[in-house]
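**Q** Dropping the structure in here first, questions after.
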Amino acid sequence: MSKSLAGIKVLDMGRIVSAPWGAQVLGDLGADVIKVERPGRGDDLRTYGPSFARDAAGNDTAESGNYLCSNRNKRSITVDLSKPEGADVIRDLASKVDVLIENYKVGDLARYGLDYKSLSAINPNLVYCSITGFGQTGPYANRPGLDAVFQGLSGLMAVTGEPTGMPQRVGTYLIDEMSGLYATIAILAALRHRDAGGGGQYIDMSLLDVGIAAMAPRNIDYLIDGKNPERLGSKSPGSCPAQIFECADGYLNIQAGAERDYRKLCDELGFPELKEDPRFATRKDRVANESILIPLLSEKIMARNGNELAEALIARGVIASPIYRASEMVNDPQIKHRNLYFNVPHPTVGSVPLFASPLRLSKTPVDVYKAPPVLGEHTDTVLQEVLGYSPQHVAALRETGAI
992 MSKSLAGIKV LDMGRIVSAP WGAQVLGDLG ADVIKVERPG RGDDLRTYGP
1042 SFARDAAGND TAESGNYLCS NRNKRSITVD LSKPEGADVI RDLASKVDVL
1092 IENYKVGDLA RYGLDYKSLS AINPNLVYCS ITGFGQTGPY ANRPGLDAVF
1142 QGLSGLMAVT GEPTGMPQRV GTYLIDEMSG LYATIAILAA LRHRDAGGGG
1192 QYIDMSLLDV GIAAMAPRNI DYLIDGKNPE RLGSKSPGSC PAQIFECADG
1242 YLNIQAGAER DYRKLCDELG FPELKEDPRF ATRKDRVANE SILIPLLSEK
1292 IMARNGNELA EALIARGVIA SPIYRASEMV NDPQIKHRNL YFNVPHPTVG
1342 SVPLFASPLR LSKTPVDVYK APPVLGEHTD TVLQEVLGYS PQHVAALRET
1392 GAI
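Residues are numbered in my numbering as their position in the sequence shown, beginning at 1, plus a constant of 991.
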């Protein structure tokens, strides 16, 4: 079956998460993604634990779980950019591909003549996407940065955690992943513009910009009324009861801020008098008096089994869900039905686990999942098939250490 991006070639010069994440989405959609890595060492993400794929004997391999999550549906080649012959390989590839995505520090690739200005002279139709921490311009442009930095600078950490505790990091590489997704959107828009006759273009993507955009729904309060958004723990801003509650066997997420849902929650908990209490009559009243209301509800909820209460509330039309750990998440019947994780064959490990793409297209489905490649697995194939290099040329490049 035809894929949405069939025929599109992508040069993935990303490391760690943001650029590889975006390139992976393009690969899921059918693009031919060629991942460029350093000879011998590869992408640093390969070494980021704590988990590593295990071989048949149960021993850890060189394929980290983090690497597996960002690099499916790609081919891997190894090229040493610091060698002139290696930089020439990248230039040759840039002349053949539609997209180049990278997340080097500002100016790093220009040292090798691999910046947008240099490569667009070779390929005017090239869509070149750079993802950096702070963007290509401004007083912070040359600063290093990673996901946690931008969780802090964007205000995300400031509103994450308990009100009386310290700011907290969100438990995944959220800004990195969102930057990869925004990069994908920008790349697809640029390809559309190119196909309409506009030629290639440069995309300046910044983790800082993405973090600020993502935090708009919380930080807009300051721009409107001068008040900093506060840390609320698991509470939803401006709504009550809408938070995580402890129950007899774990934790339960209950979102009953609307009047009708609040009344249904009171009925389920056997608390009819709370429905008519004027202190809790409206959403605004409940927010103002949550220090009184939440302990009353918590006492009732603490005595209930989480899954049973969740199902009872859902049957009444109230939004509720358990708080899963990974071991519970993978056994949820809806997650199993949607086939959101599975194993795929791997050339050295046997098989590796992957999580599915959330993209569900009716005519061009994401239904091909190739395991993240072994370091340099496709170097010879790509150089010979895409660039037309002879086996002798490839051998000579390997002799110099360029590949």
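Backbone N, C-alpha and C fix where the C-beta goes; we use that ideal spot for every residue, glycine too.
1) Determine, using beta carbons only, whether isoleucine 1068 and valine 1027 come nearer to each other than 8 Å.
2) Output the distance between the C-alpha atoms of glycine 1202 and threonine 1163, rounded to the nearest integer angstrom.
3) Leaving aside the five residues before and after leucine 1144 along the sequence, list all residues of the same chain whose C-beta is less than 7 Å from its C-beta, in chain order.
4) Under the DSSP definition of a beta bridge, which residues are partnered with isoleucine 999?
5) Taking 8 Å as the threshold (C-beta atoms), are threonine 1052 and threonine 1370 in contact?
6) Strictly by DSSP, which residues pair up with tyrosine 1253?
7) Between which two residues does the alpha helix (DSSP H) containing arginine 1066 stretch?
8) Here's a check: name, in chain order, each residue in its chain whose Cβ is nearer than 8 Å to the Cβ of isoleucine 1122, leaving out the five neighbours to either side.
9) Which parts of the region 1138 to 1188 are runs of the alpha helix (DSSP H), unbroken and 4 residues or longer, counting only runs that do not cross its ends?
10) Whose C-alpha, out of Gly1224, Pro1382, Gly1367, Leu1345, is nearest the C-alpha of arginine 1032?
11) Cα separation between glycine 1152 and valine 1161?
12) DSSP three-state label for asparagine 990, please.
13) Which residues in the same chain as alanine 1139 place their Cβ atom closer than 7 Å to its Cβ, once the five residues preceding and following it in sequence are excluded?
14) Please classify threonine 1370: does DSSP put it in a helix, a strand, or coil?
15) Checking 8 Å against the spacing of the C-beta atoms, do serine 1225 and glycine 1248 come in under that value?
16) Using 8 Å as the threshold, is the region 1281 to 1295 in touch with the region 1233 to 1242, meaning 3 or more CB pairs across them?
17) How long is the line joining the alpha carbons of phenylalanine 1333 and phenylalanine 1262, rounded to whole angstroms?
18) Between which two residues does the beta strand (DSSP E) containing leucine 1243 stretch?
19) Could you compute how far the alpha carbon of glycine 1190 sits from the alpha carbon of glycine 1021?
20) Where in the region 1084 to 1114 do unbroken runs of the beta strand (DSSP E), each at least 3 residues long, occur, reported from the N-terminal end onward?
21) Helix, strand or coil: which one does DSSP assign to alanine 1272?
22) At the level of alpha carbons, what is the spacing between arginine 1037 and tyrosine 1213?
23) Hey, would you say arginine 1307 sits closer than 8 Å to lysine 1275, going by beta carbons?
24) Can you tell me where the alpha helix (DSSP H) holding glutamate 1267 begins and where it ends?
25) Quick test of the definition: if touching needs 3 or more C-beta pairs under 8 Å, does the region 1341 to 1356 touch the region 1265 to 1280?
26) Would you mind working out which of Pro1382, His1337, Ala1386 sits nearest alanine 1047, comparing C-alpha positions?
27) Do valine 1097 and glutamine 1142 come within 8 Å of each other at the CB atom, strictly closer than that value?
28) Mind checking isoleucine 1245: buried by the 16 CB within 10 Å criterion, or exposed?
29) How should glutamine 1015 be labelled, buried or exposed, when 16 other C-beta atoms within 10 angstroms of its C-beta is the threshold for buried?
30) Please classify glycine 1156: is it buried, with 16 or more other beta-carbons within 10 angstroms of its beta-carbon, or exposed?
31) In whole angstroms, what is the alpha-carbon distance linking arginine 1316 and glutamine 1192?
**A** The relevant details are as follows:
1) yes
2) 14 Å
3) Leu1199, Gly1202
4) Answer by DSSP bridge pairing: none, since isoleucine 999 is not bridged.
5) no
6) According to DSSP, tyrosine 1253 bridges with nothing at all.
7) Here arginine 1066 belongs to no alpha helix (DSSP H); instead the beta strand (DSSP E) covers 1066 to 1069.
8) Gly1005, Ser1009, Ala1010, Gly1013, Ile1092, Glu1093, Asn1094, Ser1170, Gly1171, Ala1174, Met1196, Ser1197, Leu1198
9) 1138 to 1144, 1165 to 1184
10) Gly1367
11) 9 Å
12) Residue numbering for the chain in the displayed model covers 992 to 1394; residue 990 lies beyond these limits and cannot be assessed.
13) Arg1160
14) helix
15) no
16) yes
17) 44 Å
18) 1241 to 1246
19) 22 Å
20) 1090 to 1093
21) coil
22) 41 Å
23) no
24) 1263 to 1267
25) no
26) His1337
27) no
28) buried
29) buried
30) exposed
31) 43 Å
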